[in-house]
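Number of protein chains: 4
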Amino acid sequence: MHFASDNTSGVPDAILDALRDANQGFAMGYGADRYMDALRDRIRALFEAPQAEVFLVATGSAANALACASFCPPWGAIYCHRLAHIEVDECGAPEFYTGGAKLTHVAGDTGKIDPEALAQVLAQACKGVVHHVQPGMVSLTNLTECGTRYSVSEITALAQVAHAHGLPLHLDGARFANALVAEGCTAADMTWRAGVDVLCLGGTKNGLMGVEAVVFFDPAKAWEFQLRRKRGGHLPSKHRYLSAQILAWLENDLWLDLARHANAMAGRLEAGLAGHAQIAYPRGGNMLFATWPRAGHDRLQAAGAEYYLWPDHATWDDPGPIGARLVTSWSTTTEDVDRFLTTLARENALASDPALG
Amino acid sequence: MHFASDNTSGVPDAILDALRDANQGFAMGYGADRYMDALRDRIRALFEAPQAEVFLVATGSAANALACASFCPPWGAIYCHRLAHIEVDECGAPEFYTGGAKLTHVAGDTGKIDPEALAQVLAQACKGVVHHVQPGMVSLTNLTECGTRYSVSEITALAQVAHAHGLPLHLDGARFANALVAEGCTAADMTWRAGVDVLCLGGTKNGLMGVEAVVFFDPAKAWEFQLRRKRGGHLPSKHRYLSAQILAWLENDLWLDLARHANAMAGRLEAGLAGHAQIAYPRGGNMLFATWPRAGHDRLQAAGAEYYLWPDHATWDDPGPIGARLVTSWSTTTEDVDRFLTTLARENALASDPALG
Amino acid sequence: MHFASDNTSGVPDAILDALRDANQGFAMGYGADRYMDALRDRIRALFEAPQAEVFLVATGSAANALACASFCPPWGAIYCHRLAHIEVDECGAPEFYTGGAKLTHVAGDTGKIDPEALAQVLAQACKGVVHHVQPGMVSLTNLTECGTRYSVSEITALAQVAHAHGLPLHLDGARFANALVAEGCTAADMTWRAGVDVLCLGGTKNGLMGVEAVVFFDPAKAWEFQLRRKRGGHLPSKHRYLSAQILAWLENDLWLDLARHANAMAGRLEAGLAGHAQIAYPRGGNMLFATWPRAGHDRLQAAGAEYYLWPDHATWDDPGPIGARLVTSWSTTTEDVDRFLTTLARENALASDPALG
Amino acid sequence: MHFASDNTSGVPDAILDALRDANQGFAMGYGADRYMDALRDRIRALFEAPQAEVFLVATGSAANALACASFCPPWGAIYCHRLAHIEVDECGAPEFYTGGAKLTHVAGDTGKIDPEALAQVLAQACKGVVHHVQPGMVSLTNLTECGTRYSVSEITALAQVAHAHGLPLHLDGARFANALVAEGCTAADMTWRAGVDVLCLGGTKNGLMGVEAVVFFDPAKAWEFQLRRKRGGHLPSKHRYLSAQILAWLENDLWLDLARHANAMAGRLEAGLAGHAQIAYPRGGNMLFATWPRAGHDRLQAAGAEYYLWPDHATWDDPGPIGARLVTSWSTTTEDVDRFLTTLARENALASDPALG
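Protein chains in written order, with the working numbering: chain A, 60 to 416; chain B, 60 to 416; chain C, 60 to 416; chain D, 60 to 416.
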């Protein structure tokens with residue numbers, strides 16, 4: 060019963076096979092491998108973006124921080140939700156890579172920036188006044204950290220506000236595939252066509268060992284990015300092992316199938332929780348936030364269920380119902396989901412009928 | 060005939076097998092996997108250093124830059140050879156991670172810092188004078204960028220100078236295994252017992268996909284390092300794939316066997332070059348720098364031999380004999396070596412007897 | 060009618076005289092002047108802090124940013140009010156000097172951090188979890204950016220929370236003298252005795268040309284600060300012109316007299332505004348925030364009154380009553396205050412009785 | 060006998076008077092004062108550069124580091140002489156402000172970069188190769204740190220090499236006035252007409268309290284510079300005290316007269332040293348490096364002469380003749396020069412004729 064994170068899952072056999080294939084013979088390093096050439100073509104076709112430039116790194120934090128640094132100067136503000144991964148979970152990586160940009164919160168429910176709130180913050184940003192940090196860029200996460208999903212039209216609305224102020228739009232897509240299949244649109248629809256300037260396309264949470272692609276829809280920043288990547292220690296010498304993985308993942312829509320399964324498992328979990336737990340946010344893909352009585356937690360913990368308390372700083376010592384973050388992945392099984400639900404439900408049944416205790 | 064770099068080679072089957080094993084089931088991320096626990100124990104035993112702390116990253120530049128940043132303040136000088144990898148080949152990663160430390164050259168032949176030169180530079184460093192960058196740390200590479208090797212006694216001598224000035228000693232061990240088997244000493248002898256404070260133990264160039272271990276012999280900097288690693292985007296979520304690789308590599312002395320083979324191939328190359336090329340530096344392990352007539356290059360290029368010109372900025376347009384850097388690896392074959400030598404030798408024979416042309 | 064800022068005022072003749080005196084002959088630079096020796100003694104005596112270390116810089120932003128950088132690592136959080144000068148008005152100087160620390164808002168009314176809010180934020184800070192920025196330090200401003208004042212007991216309460224979490228307390232004292240004379244306590248009471256670890260003692264806004272003293276009550280960070288100051292380009296070569304100014308300013312309580320006058324002028328302004336304007340915050344010293352009808356602004360502007368709209372991003376195009384920030388200084392005259400009040404009051408009178416127009 | 064540095068001197072009465080004048084009334088801060096407007100016009104006229112942008116800071120290190128950061132990215136190389144002030148004497152300020160650029164030495168005698176050496180370094184810089192720091196800018200100092208002077212033609216030659224590689228040219232003009240009057244050319248001739256892109260025009264060493272002007276001949280970087288200046292804590296609120304000083308200094312060629320006097324005093328010193336000391340470098344303006352017997356030093360020290368040993372790391376414990384750096388200023392007197400010479404000469408006379416001892 061592994062619901063702690065989608066990064067606790069492994070990789071499909073197809074990825075292992077791709078690594079074994081890629082292991083044949085010698086290959087020039089640092090991105091000069093044939094898998095990378097094929098990958099670049101594949102992503103350009105997939106995103107209908109023939110000018111796009113694509114670069115790989117091994118972690119999502121690196122992808123985000125390097126992408127942000129390529130667009131935002133040290134004296135810039137990066138507008139994001141207060142719960143954004145770049146704000147909360149990267150130990151200040153964006154500040155480090157940008158040379159000290161300021162992550163500035165924009166309000167919005169359920170982890171999503173509100174376009175009107177963004178417009179208001181930008182209207183009050185004192186652009187051109189030297190005493191103040193200057194507007195730099197806007198950053199979204201889709202799926203969000205609340206497990207919700209920006210629709211294409213919501214992204215479009217935010218991009219319009221950003222672009223009206225001359226700001227580029229970054230999309231942290233650690234769970235991009237989950238968002239994409241849930242939204243049922245094309246990759247282009249969710250990105251450049253909606254106004255996204257740079258996408259961090261997450262592979263690690265959806266079946267890869269540690270591969271993220273940074274996709275620049277406008278190649279103007281490509282060389283700067285490459286220098287920043289190298290300088291950040293993020294240019295792998297044996298690069299083929301990254302490019303071969305992600306290439307195999309994109310073949311035959313494997314990445315989408317993996318995401319569909321993860322989403323379906325979350326849907327099954329959500330359906331089963333009804334009546335037993337309080338769901339916090341509308342489910343956008345493969346992640347749920349829910350609250351249930353303490354006794355349910357006790358039973359689940361005893362049964363070995365793995366999940367994080369929610370919010371981050373919650374502890375077992377907190378009084379009252381405790382929240383949980385539940386994340387499914389490509390390798391989540393229906394058995395695990397059902398056992399989780401049964402364990403929780405039985406507990407609740409027992410709790411509601413002490414005579415059965 | 061692949062002699063461009065040891066990072067153009069793949070990985071042994073044992074590493075692929077280890078990845079397949081590690082792929083079973085779920086595992087907590089960010090270093091909380093059981094392979095990492097086993098690895099930590101293994102490295103402590105191997106280095107006879109029960110207090111050592113061990114952390115993994117995916118690239119050598121990250122390992123070096125993070126290690127340096129953990130010891131050297133922004134206003135510090137990092138004393139190194141002018142040819143050091145951290146100085147030449149990392150696009151300023153140490154400057155980036157330290158917040159602007161100054162890499163300061165220390166003279167020495169064949170890529171090795173000279174202890175007397177180090178002592179002199181430190182004597183003139185104006186420590187305590189606020190106008191000048193302050194002495195920060197000393198960094199060695201073993202094998203060096205010239206393919207030479209510091210002996211244990213040479214490391215010891217440098218460590219004594221460094222420590223006499225209160226400076227920690229960093230060892231960039233991208234080719235540590237090659238140096239170790241060539242020197243024929245224990246891992247402890249070449250590191251903490253000689254005075255090394257932090258080692259970057261390279262796996263990538265010696266049979267791994269992209270794994271480097273940073274070993275702190277004094278754990279005082281361990282927590283700071285972990286924060287810097289995370290902040291640098293270098294803490295992998297699916298960490299098990301790094302720890303499982305390096306653990307398998309250390310089992311049954313695989314890492315040393317791989318290095319011994321690479322060194323032997325370089326030795327075979329060196330022996331065969333005698334009489335046909337000018338060897339630049341005493342060979343320390345698996346890397347050679349040599350010069351031979353242009354015609355030899357032409358023949359080798361035509362035959363598909365891969366190697367870098369030397370020095371870095373050399374081009375085919377340069378007049379006169381052109382140098383080459385030749386690197387062997389665990390997967391270099393005797394056939395490739397011999398074919399390389401035959402191609403070069405034939406060329407030279409032809410060149411020396413134009414009538415045969 | 061100059062109420063835009065206390066930094067639009069000049070300096071008293073005593074300061075000009077001190078400069079002329081200090082101009083005699085030659086003096087060693089970079090702080091090795093006799094005025095600095097006298098100043099250090101004077102501040103130690105004044106603050107009853109014989110161990111304190113004192114350093115001068117020319118701007119408040121430099122003082123704050125350098126002080127913060129001496130205490131907070133790049134991965135640290137600096138807890139401050141969302142309106143704090145370091146957060147709003149320094150174009151990211153603290154982020155720059157710290158190497159990317161994160162300024163984290165703590166709630167509180169009237170520009171003052173609330174101790175309970177601080178305690179709560181710290182309780183939820185996930186200290187020791189590598190994914191999150193770590194608690195670094197707490198920063199207060201007194202007077203605050205709302206013109207309010209922390210009492211000694213309020214500072215003490217905040218220091219206790221900070222210290223309980225192992226965090227140092229920084230006091231941005233750009234208007235420290237104004238706070239001090241209003242509070243009527245000793246300099247020691249408002250600083251180290253209340254738990255302040257480092258004070259930025261502002262001279263520029265209270266009668267100096269551009270001199271701020273950074274006072275470390277614990278000298279442990281003194282050397283690091285000096286290196287950071289030099290590296291930041293903030294160590295003046297002709298240092299005597301800074302030390303002579305501030306020394307003269309501290310003589311015979313001149314600094315306190317200047318602050319008392321500024322506060323008295325703000326009091327006079329406040330009293331006169333009663334009935335004509337809405338005062339936003341309890342006045343702590345020499346700064347007021349007030350709102351009055353548009354017609355009053357028009358009359359004042361026509362009469363040449365100088366002040367900033369409030370909040371920062373307010374413009375004359377905003378509908379409705381517009382706020383103003385009014386700051387008095389040592390050189391504000393009663394005539395100016397009274398003329399301001401008369402201009403505003405007449406306008407209001409006219410507005411309320413159109414027949415008089 | 061004050062020859063330690065030109066920054067140990069005071070300021071002429073005209074500067075004090077200018078401060079007193081500027082002290083009248085109120086003035087808007089941060090550069091919005093009328094003196095700054097006049098100064099901008101004055102400098103544009105003086106340099107025959109109507110498009111130039113001018114900004115003031117209080118120290119030479121700030122001027123240099125901010126100017127460099129405006130042109131050189133974090134991954135750039137700043138080519139300079141190994142003795143350059145930015146390399147040796149600013150505790151890494153350029154690295155700090157640029158975010159970790161690499162100061163790269165270019166050879167040349169007597170503190171001056173050699174154009175051929177620059178061309179060679181640039182030819183070997185591996186531009187466009189991601190592993191290496193990229194060429195960023197070229198920085199000269201005039202007068203140099205050896206007291207020598209680049210002629211206009213020498214600057215032109217270096218600018219041509221720099222511009223041929225697309226690199227901007229920075230001129231550290233801490234002693235620009237001294238160089239200018241010695242060279243006998245116009246300010247335009249020594250700067251933009253020779254190819255200088257940004258000049259740090261030093262006032263502090265030549266009669267101001269702490270004012271340096273950064274002059275951008277191409278205004279493209281002006282806004283970025285202003286943000287960097289603010290963020291660096293180098294935008295003075297009471298800016299008028301800087302602008303009034305430098306404006307008065309430029310009036311009636313005062314700055315040139317001051318520099319002429321300083322140079323003349325150095326010339327007198329040089330002439331008098333003939334036969335008694337070994338002069339190290341051709342004198343370019345107001346600075347000399349010379350070596351004489353130990354006994355001469357003893358006598359001078361006893362007589363209270365002030366100067367720095369040379370090189371930086373020299374100490375009284377060094378055996379043999381010890382070098383001295385002698386700097387004259389606008390306030391050096393012929394009496395002081397002559398007394399210095401007499402003291403030294405008598406010593407030598409004594410030494411050469413022991414019977415007189």
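Virtual Cβ for every residue (Gly too), placed ideally from N, Cα, C.
Since the structure is predicted, the reported quantities are computational estimates derived from the model, not experimental observations.
Asked: Among the candidates A:Thr-157, A:Ala-184, A:Gly-254, A:Val-189, whose CA atom is the shortest distance from the CA of Ser-210 (chain A)?; Found: A:Gly-254
Asked: Would you list the residues sitting across from Pro-194 (chain C) in a DSSP beta bridge?; Found: C:Ala-136
Asked: What does the Cβ neighbour count give for Asp-65 (chain D), buried or exposed, with the cut at 16 atoms within 10 Å?; Found: buried
Asked: DSSP three-state label for Lys-280 (chain D), please.; Found: helix
Asked: Leaving out the 5 sequence neighbours to the left and right, which residues in its chain are closer than 8 Å to Asp-412 (chain B) when beta-carbon positions are compared?; Found: Low local confidence applies: a pLDDT of 44 at Asp-412 (chain B) is under 50, so the model's placement there is unreliable, and no value is given.
Asked: Write down the C-beta distance between Ser-198 (chain B) and Cys-150 (chain B) rounded to the nearest angstrom, noting that I regard them as a contact closer than 8 Å.; Found: Not confirmed; about 17 Å, so no contact.
Asked: What residues from chain C crowd round Cys-131 (chain D), counting only those whose CB sits closer than 8 Å?; Found: Those within 8 Å of Cys-131 (chain D) in chain C number zero; the least Cβ separation is about 16 Å.
Asked: Strictly below 7 Å CB to CB, what residues from chain A border Lys-289 (chain B)?; Found: Cys-150
Asked: Between which two residues does the alpha helix (DSSP H) containing Trp-314 (chain D) stretch?; Found: 313-332
Asked: From C:Ala-404, C:Arg-405, C:Asp-397, pick the residue whose C-alpha is nearest to that of Phe-62 (chain C); which is it?; Found: C:Asp-397
Asked: Where do the N-terminal and C-terminal ends of the alpha helix (DSSP H) with Gln-300 (chain C) fall, by residue?; Found: Position check: residue 300 (chain C) holds Tyr in this sequence, whereas Gln was assumed. 299-309 is the extent of the alpha helix (DSSP H) around Tyr-300 (chain C).
Asked: Going along chain C in order, which residues have a C-beta closer than 8 Å to the C-beta of Leu-286 (chain D)?; Found: Cys-150
Asked: Tell me the residue span of the beta strand (DSSP E) that contains Ile-381 (chain B).; Found: 381-386
Asked: At which residues does the alpha helix (DSSP H) containing Val-127 (chain B) begin and terminate?; Found: Correcting the residue identity first, residue 127 (chain B) is Cys in this sequence and not Val. Per DSSP, Cys-127 (chain B) belongs to the alpha helix (DSSP H) from 119-130.
Asked: Strictly under 8 Å for the Cβ-Cβ distance: is Asp-397 (chain D) near chain B by that measure?; Found: no
Asked: For Ala-410 (chain B), would you say it is in contact with chain D, using Cβ-to-Cβ distances shorter than 8 Å as the test?; Found: Note that Ala-410 (chain B) scores 49 on pLDDT, short of 50, meaning its location in the model is unreliable and no value can be drawn from it.
Asked: Counting Cβ pairs, one atom from each stretch, are 3 or more of them under 8 Å apart for the segment 206-220 of chain A and the segment 119-133 of chain A?; Found: no
Asked: Would you list, in sequence order, the uninterrupted alpha helix (DSSP H) runs of no fewer than 4 residues that lie entirely inside the segment 196-264 of chain B?; Found: 211-223, 235-242, 246-249
Asked: For Thr-200 (chain C), does the count of other Cβ atoms within 10 angstroms reach 16, so buried, or fall short, so exposed?; Found: buried
Asked: So, with DSSP's three-state summary, where would you put Ile-74 (chain A)?; Found: helix
Asked: Any Cβ of chain A within less than 8 Å of the Cβ of Thr-263 (chain B)?; Found: yes
Asked: Report the option in C:Gly-69, C:Glu-146, C:Glu-329 whose CA atom is closest to the CA atom of Gly-88 (chain D).; Found: C:Gly-69
Asked: Between Asp-377 (chain C) and the ligand NAD, is there a pair consisting of the residue's CB and a ligand heavy atom that are separated by less than 7 Å?; Found: The ligand NAD is not among the ligands present in this structure, which contains no ligands whatsoever.
Asked: Quick one: grab the DSSP three-state call for His-356 (chain D).; Found: helix
Asked: When Cβ atoms are compared, which residues of the segment 184-196 of chain B fall closer than 8 Å to chain C?; Found: Val-189, His-190, Gln-193
Asked: Determine, using beta carbons only, whether Leu-368 (chain A) and Ala-383 (chain A) come nearer to each other than 8 Å.; Found: yes
Asked: Name the residues in the segment 152-166 of chain B whose C-beta lies less than 8 Å from a C-beta of chain D; which are they?; Found: Glu-154, Phe-155, Thr-157, Gly-158, Gly-159, Ala-160, Lys-161, Leu-162
Asked: Does the Cβ of Asp-256 (chain C) have 16 or more other Cβ atoms within 10 Å, making it buried, or fewer, making it exposed?; Found: buried
Asked: Rounded to whole angstroms, what is the Cα-Cα separation between Glu-112 (chain A) and Asp-277 (chain A)?; Found: 8 Å
Asked: Report the neighbours of Trp-369 (chain C) on chain B: residues whose CB is nearer than 8 Å to its CB, in chain order.; Found: Under the 8 Å cutoff, chain B gives no residues; its nearest Cβ is about 37 Å from Trp-369 (chain C).
Asked: In this structure, how does DSSP classify Leu-400 (chain C) when only helix, strand and coil are distinguished?; Found: helix
Asked: Tell me the residue span of the beta strand (DSSP E) that contains Met-346 (chain B).; Found: 346-351
Asked: Which partner residues of Gln-83 (chain A) appear in the DSSP bridge assignment?; Found: Answer by DSSP bridge pairing: none, since Gln-83 (chain A) is not bridged.
Asked: Put Ile-172 (chain A) into one of helix, strand or coil per three-state DSSP.; Found: coil
Asked: Would you be able to state if there are at least three C-beta pairs under 8 Å between the segment 100-116 of chain B and the segment 133-141 of chain B?; Found: no
Asked: Using the three-state DSSP reduction, which class does Ala-361 (chain A) fall into: helix, strand or coil?; Found: helix
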